[in-house]
Each structure stands twice: as structure tokens, then as C-alpha cells.
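Asks: Residue numbers (this note's numbering): 12 to 793.
Ideal placement from N, C-alpha and C gives every residue a C-beta, glycine not left out.
Quick one: the structure is below, and I'll ask about it shortly.
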């Protein structure tokens with residue numbers, strides 16, 4: 012249950028009654044291109060139209076004409092489609108050999124050059140030059156020939172074509188390697204210049220050729236020409252156009268000029284204008300004609316239009332009109348000759364009058380073909396007369412034809428009349444039959460003695476039969492040549508299609524290679540992207556695991572303070588959920604006891620200076636709030652990072668340490684003896700108030716200094732040094748070590764020293780030194 016769509020490659024057959032559509036198409040073409048394709052061979056034009064219709068899936072000429080009206084570019088495409096530009100360098104190479112052997116020597120031997128006029132140029136016209144290969148080929152051959160004969164007359168080669176696009180290509184003279192594949196390496200090196208991946212005709216050859224856009228039908232021809240080359244152009248023209256072009260060529264040639272046609276083209280009915288030099292290569296020489304040439308250079312006046320409607324007869328006299336028509340029909344039936352109306356394929360469309368004496372149904376399958384129904388004796392002459400009328404587009408008459416009528420032959424005359432109804436998109440023919448009435452009484456029996464007269468009559472009859480046979484043969488030859496032309500045209504179209512297909516295949520191959528290269532690049536890019544995505548996913552996983560493993564509240568923000576990422580511990584501190592990513596920080600009710608958090612973050616982003624501050628949460632827990640800029644790999648600021656380090660335990664430990672120190676200081680201050688605390692290198696850490704009062708020193712002059720340097724060296728006592736350096740390291744404590752020393756401020760003092768060595772948790776040693784003067788002890792004892 013599927014309906015197959017017609018393949019675009021299948022030719023589209025126009026529906027019956029498509030005359031208006033074809034007329035509209037030809038009118039659009041003429042309006043857009045100034046070329047009247049109605050005078051081209053209908054089969055060629057229709058084939059190209061059908062091809063365009065197939066490309067657009069259109070099945071009728073009317074629909075295609077509507078498509079042309081809506082799409083002006085398609086009119087130009089159809090124009091290029093009909094102008095089949097099949098050409099190549101040195102196409103049919105034997106033709107150029109014939110030019111070198113038969114034409115070029117004759118041109119050098121011509122009277123113009125023989126009289127020694129070196130300024131008169133050799134003039135060549137290449138009509139229908141397409142993209143220029145034919146013109147350049149003739150120029151190269153002519154240069155080679157003249158070079159071998161050491162002569163150098165001026166050369167003018169006019170090359171024309173109706174296609175402006177083709178002329179532009181020809182003028183530039185650049186061709187691809189495939190287009191010059193038929194050029195020999197020697198010619199390629201001598202006459203071409205490699206450039207831009209192809210080859211360009213060198214300047215010497217290009218300056219010989221003058222390219223111009225010209226309509227061969229409507230524009231005037233060149234004159235005083237030595238050679239005209241018009242190969243494979245006439246095969247696309249109808250008989251009317253050929254009858255215009257060939258006299259124009261005759262007009263343009265010099266008396267000793269030559270005409271070169273395509274292998275399937277002939278001079279046809281204009282054999283009196285050209286003599287055949289070589290039938291194989293279709294080379295003709297101009298011959299003078301006494302007949303006046305019937306041609307002009309004005310554009311054709313073909314203006315297709317729809318058939319005008321037949322005027323309706325007046326309603327007040329219908330019977331009179333019918334009477335006139337009846338009278339005309341009666342006269343035609345009584346006195347008019349029998350005949351048939353046929354189309355260009357000899358198919359009978361209408362019988363007129365009694366035709367039974369000339370036509371009869373043939374045995375077998377029913378057919379209305381005129382040649383099939385014609386009686387014996389008429390078929391060959393009918394074919395000949397029809398072909399002559401079709402080629403010359405004028406009436407043709409055949410007399411003295413014999414057909415069997417009972418027991419005796421009956422002489423018959425046939426006449427073929429071309430009919431061209433308007434619009435003239437098809438040709439029709441009226442074939443009339445009539446019996447031949449003898450001019451006088453029947454001839455008497457020839458006496459036996461008058462044999463010479465009888466022989467003359469027999470010879471005359473035989474001569475007439477021979478002339479008739481020759482006429483038949485000539486008709487068959489011409490018909491065969493016409494068939495060859497059609498085949499040649501079809502072959503040209505096939506070659507054109509093949510070249511188009513080859514060009515399309517090359518473009519597709521190039522596109523395929525480009526797509527393949529692009530696919531390889533995309534595959535490489537995809538692999539790289541996959542690798543990077545895998546690496547990014549792994550980094551993201553590592554980063555996520557890192558954030559999850561860090562038990563520190565970390566909050567990453569965009570430059571507009573929108574939340575980017577956060578750790579699980581930050582989620583509880585800032586009351587965050589995964590859906591809060593992308594939300595502004597100001598929309599979040601965090602648990603920190605700080606009012607200007609957003610302002611601080613914006614200040615860090617603005618100044619790029621990180622800050623640190625101790626803050627508490629609502630539960631009273633202490634954190635070290637650190638804010639620093641968020642830097643990308645390219646050192647660009649893209650937000651901020653907020654880190655909160657839990658310092659609650661440290662804060663409590665510091666408080667406890669401060670309390671313990673305050674407690675120890677209170678104890679030290681209550682002791683009556685002078686008390687000093689030293690480091691392991693005997694520097695004063697602290698001392699009590701009794702020490703400062705007894706020895707009359709201040710804390711600023713004492714703390715942090717070596718005990719031996721106090722009071723300008725007053726404490727540099729040998730016994731004290733011995734105690735601290737020698738005795739104390741050996742004994743962890745010293746009791747009542749007596750030292751006598753004279754101090755500058757307080758005089759001579761006898762002191763009892765008590766020392767204790769203490770080791771702290773971090774491994775550092777401290778020395779606790781208690782100093783008691785003898786006077787103080789006496790007072791205490793009392």
C-alpha cells in the first residue's frame with residue numbers, strides 16, 4: 012500500500028492540448044533572451060523543456076509555463092539548457108588535419124596574397140563558438156601551419172555565440188585540466204600557461220581571437236571572410252532558419268572562401284551556393300550564383316499568441332450562413348480533389364472526398380498511417396514528395412504515377428501542401444490525389460518500320476524512370492541526412508548531459524571529500540571533547556568529593572553575589588539547599604552575626620584585597636571569616652570565596668590560658684621574695700613586683716633581656732653565672748645558694764637563690780629563680 016512517486020529521471024510526456032503551454036514557454040523565452048526558439052527544431056526544444064520539467068516534477072507544459080512565470084531564474088536556466096554547449100579542443104581531430112591540407116594552402120595561394128598585400132588579414136568566423144575551444148583550436152592550427160611555411164600574414168578570428176556566459180568564459184581563456192585533456196603536451200606547453208590549477212590560452216593566441224555575443228539569426232554576418240566554421244549548430248535549426256543562415260554564410264565569404272559544417276550537416280537545398288570539397292569532413296567552397304539571395308538581417312517577427320476566438324455569426328441570419336457553408340461543401344465534394352490531412356508523422360487526421368481509389372486499409376493491425384494505407388505504386392512517391400515538402404516548406408507535386416485500377420494501370424498525380432495554423436507549433440500537410448487526363452487522343456500504333464521513333468520513346472520513358480529513381484534516391488539520402496542530424500543532435504544532448512553529470516559527479520566527489528575531511532575533523536573534535544568532558548567530569552567529581560570532605564564552611568559566589576558552590580558545612584551555616592545555587596546571597600537568611608557581609612564581599616571584589624574577621628553564629632560559636640577574590644585560570648576576577656574557619660575551641664583555649672596566666676601572675680605577685688622567670692637561654696620572661704622594688708628596675712628594662720645584662724651588667728655575678736650554667740643543668744633544683752654582690756643602686760646584698768627547672772608541654776625549658784636577701788629573711792624570721 013505505497014504509491015510510488017515518478018522518478019525524476021523519467022521523461023515527462025506533455026498532455027494533449029498543451030499548445031498554449033508551449034506557446035507561453037516560447038514567449039517567455041523570447042521576451043527574456045531575445046531568441047525565438049519557435050524556429051528551432053521542435054524535438055530538440057521539447058526534449059530540453061521536458062528535462063527541466065522532470066527536474067521540477069512537473070507533468071504538463073501549462074504547469075511548467077506557470078512555474079516559469081513565477082520563477083524568472085528558471086527561464087534563464089531553460090535558456091542555457093536549450094543552448095547545448097558541447098565542445099572541446101581539436102574535436103574530431105581529422106577535421107583540423109583537413110583544414111591544414113585543403114583550406115590553409117588554398118588561402119595562401121589566393122589572389123589577394125599572391126599580389127603581395129601583406130596587410131590584408133586572413134579572416135575566420137567561428138559561428139556558435141560556445142566557450143571558445145573551437146576558435147582557439149583553429150587559431151593554434153593556423154599558427155602552426157604558417158610557422159612551418161615561414162609566413163606571417165595578419166590573422167583575425169571572429170568567434171560568436173548567443174550565450175553571454177559562454178562568451179565570458181571564452182574571452183578569459185581559462186580551462187580545467189579535464190577540458191585540455193585532448194591537447195597534446197607540445198601544444199599545451201607552447202600555447203597554454205598553467206595558472207590557478209588549470210590552463211589559460213597564452214596572450215599571443217588570445218589576441219588573434221575576437222569574441223562577441225551575436226544572434227546568428229537576427230544580427231548581420233561578418234563579411235570578406237576566408238573561412239566560416241559552423242559545426243553542429245544547424246542541426247538544432249529548423250528548415251526555415253537553415254534557409255536563412257546558409258545564404259548569409261554565402262554572403263559573408265569571399266569568392267574563394269570555405270565553409271566548414273558538422274559531420275551531420277549539409278548545404279541541403281543550397282547546393283547551388285556551395286560546392287562540396289570533402290564529403291567526409293563536410294567542407295564546402297563558395298561558388299558564385301546567378302540567383303538573387305533571399306535573406307535579411309531583421310529579427311523574426313514571430314509573436315506567439317493564443318488563437319483568436321472565431322467571431323460568432325449574427326443571430327438574425329443563421330440560416331443564410333448555413334446555406335453558404337452547405338453550398339461550399341457541395342462544390343468541394345463534387346469538384347474538389349480527394350485528399351487527406353496528415354501531421355508530421357504521416358498520421359491521417361481527416362479524409363477529404365472519396366479516397367478509395369488511392370488508399371485502402373492494410374491487412375493486420377489497424378493503422379491510419381498514410382504510407383501504410385497507400386496503394387501499391389504510390390508509397391515511394393508519397394514518401395519522396397512528403398519529405399521534399401517538409402524540407403523546403405513549400406508545395407511539391409508528383410505526376411505520371413501509375414496505380415492498378417482494374418485490369419489496367421491508371422495515371423495519378425499527387426500534391427503535398429504544407430499547412431501552418433496559428434500558433435505554428437506543429438506542422439500539418441494536405442495530400443491531394445487526382446487522376447491524370449491525357450492531353451490528346453490515344454496514340455496510334457507505331458509502324459514497325461519506325462523503330463527509331465519507338466526507341467526514342469522507350470529511351471525517354473526509361474530516362475523518366477531513371478530521373479524518378481534518382482529523385483527517390485536523393486530524397487532518401489536527404490531523409491537519411493536529416494535523420495543523421497537528429498541523431499547527431501540527440502548525441503550532442505547526450506554528450507552535454509554526460510558532461511553535466513561528470514561535472515556534477517566531480518562536484519559531488521569534491522563535496523564528499525570535503526564532508527569526509529570535515530567528518531574526520533569532527534570525529535577528532537568529538538574525541539577531544541569526549542576526553543575533555545571525561546576529564547571535566549573527573550575534575551568535577553574530584554572537586555565535589557573535595558568539597559564534601561572539607562569540614563570547613565566554604566561559599567563560592569559570582570561577581571553579582573549569586574551562589575555558585577558551597578560545602579556541606581556551609582549549607583547548615585547559611586541555611587542552603589542544592590536548589591539555592593544561582594540565587595543571590597541577599598535572599599538567604601544565614602546564621603552569622605554580621606550585618607554587612609555583602610558589603611564586605613563586594614569590597615573585596617572591588618579592591619582585590621582579602622580580609623579576615625572573627626565572627627560568631629547565632630549559637631555563639633566563633634569563626635574566622637576570610638574573604639578573598641575568586642580568580643580564574645586567566646587571572647580574571649569572577650566573584651569571591653568566603654571561608655569560615657572554626658576557631659571556637661581555639662578561642663576557648665586562649666581564654667583558659669589567659670585565665671591560667673592571670674592565676675599564676677596573681678600567685679607570683681603575692682610571693683614576698685623577688686621572683687623572676689627565665690628562658691632556657693636565660694632571658695627574662697617575667698618578674699614579680701617584689702623583684703622590681705627590691706632591685707629598683709622597671710619591667711620595660713627587664714623583660715626579654717638576658718639576666719646578666721640587667722642594670723648595666725649588675726647581675727653579671729660569677730656565682731650566679733655558675734649556678735645557672737653549671738649547677739642548674741645538672742640538678743633540676745637549687746636551694747639556698749648564697750651569693751654576695753654589691754649593687755650600684757642598693758649597695759651590697761647577701762642573697763639566697765632558689766632555682767627550679769621546668770619543662771613546658773612544647774619541650775622548652777623555663778627557669779624559676781627566687782631571690783631572698785638576708786635582710787628579708789631576718790625580717791621574716793622576726
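Select from 98, 256, 245, 262 the residue whose C-alpha is nearest the C-alpha of residue 186.
Replies: Ranking the options by Cα distance to residue 186, first place goes to 98.
Asks: For residue 673, count the other beta carbons within 10 Å of its own beta carbon; 16 or more makes it buried, fewer makes it exposed. Which is it?
Replies: Under this definition residue 673 is an exposed residue.
Asks: I believe residue 251 touches residue 220 by the beta-carbon criterion, under 8 Å. Please report the beta-carbon distance rounded to the nearest angstrom.
Replies: Between residue 220 and residue 251 the Cβ distance is about 31 Å, and since that is not below 8 Å, they are no contact.
Asks: So, residue 565 versus residue 616, is the Cβ gap smaller than 9 Å?
Replies: Cβ distance not < 9 Å, so residue 565 and residue 616 don't count as in contact.
Asks: Suppose only complete runs of 3+ residues qualify. What are the beta strand (DSSP E) ranges in the stretch 690 to 750, listed by chain order?
Replies: DSSP runs (the beta strand (DSSP E)) wholly in the stretch 690 to 750: 695 to 698.
Asks: Would you call the stretch 658 to 667 and the stretch 685 to 693 in contact, with 3 or more CB pairs under 8 Å?
Replies: Taking 8 Å as the limit for Cβ pairs, the verdict is that the stretch 685 to 693 does not touch the stretch 658 to 667.
Asks: If you compare alpha carbons, which of 269, 590, 606 is closest to residue 597?
Replies: That would be 606, whose Cα lies nearest to the Cα of residue 597.
Asks: Do the stretch 395 to 407 and the stretch 423 to 442 touch if we need at least three Cβ pairs shorter than 8 Å?
Replies: Output reads yes: the stretch 423 to 442 touches the stretch 395 to 407.
Asks: Three-state secondary structure (DSSP) at residue 550?
Replies: Helix at residue 550.
Asks: Hey, would you say residue 87 sits closer than 9 Å to residue 49, going by beta carbons?
Replies: No.
Asks: Our contact map puts residue 292 next to residue 109 with C-beta atoms below 8 Å; I'd like the distance itself, whole angstroms only.
Replies: Their Cβ separation, rounded to whole angstroms, is 5 Å, which keeps residue 292 and residue 109 in contact under 8 Å.
Asks: Assuming the contact rule is C-beta atoms closer than 8 Å, residue 578 and residue 599 should be a hit. Round their C-beta distance to whole Å, please.
Replies: That belief does not hold up - the Cβ atoms of residue 578 and residue 599 are roughly 15 Å apart, past 8 Å.
Asks: I'd like the list of long-range same chain contacts for residue 253, defined as Cβ closer than 7 Å, with 5 residues on each side in sequence excluded.
Replies: Correct list, in chain order: 245, 279.
Asks: Between the stretch 750 to 763 and the stretch 698 to 709, can you find at least three pairs of beta-carbon atoms closer than 8 Å?
Replies: Contact holds: three or more Cβ-Cβ distances are below 8 Å.
Asks: Based on the DSSP output, what are the partners of residue 758 in its beta bridges?
Replies: Answer is 754, bridged to residue 758.
Asks: What are the start and end residues of each continuous alpha helix (DSSP H) run of 4 or more residues lying completely inside the stretch 644 to 693, in chain order?
Replies: Whole alpha helix (DSSP H) segments, 4+ residues: 659 to 681.
Asks: Is the stretch 184 to 201 close to the stretch 111 to 121, with three or more CB pairs under 8 Å?
Replies: Touching, no, given that fewer than three Cβ pairs across the two stretches are closer than 8 Å.
Asks: Could you tell me which residues DSSP puts in a beta bridge with residue 429?
Replies: DSSP output for residue 429 lists 440 as bridge partner(s).
Asks: Under 9 Å between the Cβ atoms of residue 422 and residue 410?
Replies: Contact flag set, yes.
Asks: Can you say whether residue 28 is buried or exposed, counting buried as having 16 or more other CB atoms within 10 angstroms of its CB?
Replies: Its pLDDT being 43, under 50, residue 28 is placed unreliably in this model, and the coordinates cannot settle the point.
Asks: Looking only at its chain, what residues have a beta carbon closer than 6 Å to the beta carbon of residue 236, apart from the 5 residues adjacent to it on each side?
Replies: Closer than 6 Å at Cβ, skipping near neighbours: 134, 136, 263, 264, 268.
Asks: Closest by CA to residue 483, which one among 376, 271, 559, 390?
Replies: Closest by alpha carbon: 390.
Asks: Give the single residue among 712, 437, 553 whose Cα lies nearest to the Cα of residue 356.
Replies: Residue 437 is the option with its Cα nearest to residue 356.
Asks: Identify the residues that DSSP records as bridge partners of residue 487: which are they?
Replies: DSSP, once it has assigned bridges, lists no residue as partnering residue 487.
Asks: Give a yes or no on contact between the stretch 98 to 107 and the stretch 200 to 210, applying the rule of three or more CB pairs nearer than 8 Å.
Replies: Touching, no, given that fewer than three Cβ pairs across the two stretches are closer than 8 Å.
Asks: Can you pull the DSSP bridge partners for residue 348?
Replies: BP columns for residue 348 are empty, so no partner.
Asks: Could you pull out every residue in the same chain whose Cβ sits closer than 6 Å to the Cβ of residue 650, ignoring the five residues on either side in sequence?
Replies: Contacts found: 568, 569, 570, 641.
Asks: Got a sec, what are the start and stop residues for the beta strand (DSSP E) residue 223 sits in?
Replies: Run containing residue 223: 220 to 224, per the beta strand (DSSP E) assignment.
Asks: What does the alpha-carbon distance come out to for the pair residue 224 and residue 213?
Replies: Taking the straight line from one Cα to the other gives about 22 Å.
Asks: Is residue 293 helix, strand or coil when you go by DSSP?
Replies: Residue 293 falls in the coil class under three-state DSSP.
Asks: Using 10 angstroms around the beta-carbon of residue 678, count the other beta-carbons present and answer buried if the total reaches 16, otherwise exposed.
Replies: Residue 678 should be labelled exposed.
Asks: Evaluate residue 392 with the Cβ neighbour count: other Cβ atoms within 10 Å of its Cβ, from every protein chain shown; 16 or more gives buried, anything less gives exposed.
Replies: Flag for residue 392 reads buried.
Asks: Short of 6 Å in beta carbon distance, which residues of its chain neighbour residue 277, apart from the five on each side in sequence? Order them along the chain.
Replies: Around residue 277: 492.
Asks: Go ahead and pull the three-state DSSP assignment for residue 784.
Replies: Strand at residue 784.
Asks: Using 8 Å as the cut-off, can you tell me whether the stretch 653 to 662 makes contact with the stretch 631 to 638, which would need three or more C-beta pairs spanning the two stretches below that distance?
Replies: Flag = yes, the stretch 653 to 662 and the stretch 631 to 638 touch.
Asks: If you draw a straight line from the C-alpha of residue 574 to the C-alpha of residue 717, how long is it?
Replies: If I take the Cα positions, the gap works out to 56 Å.
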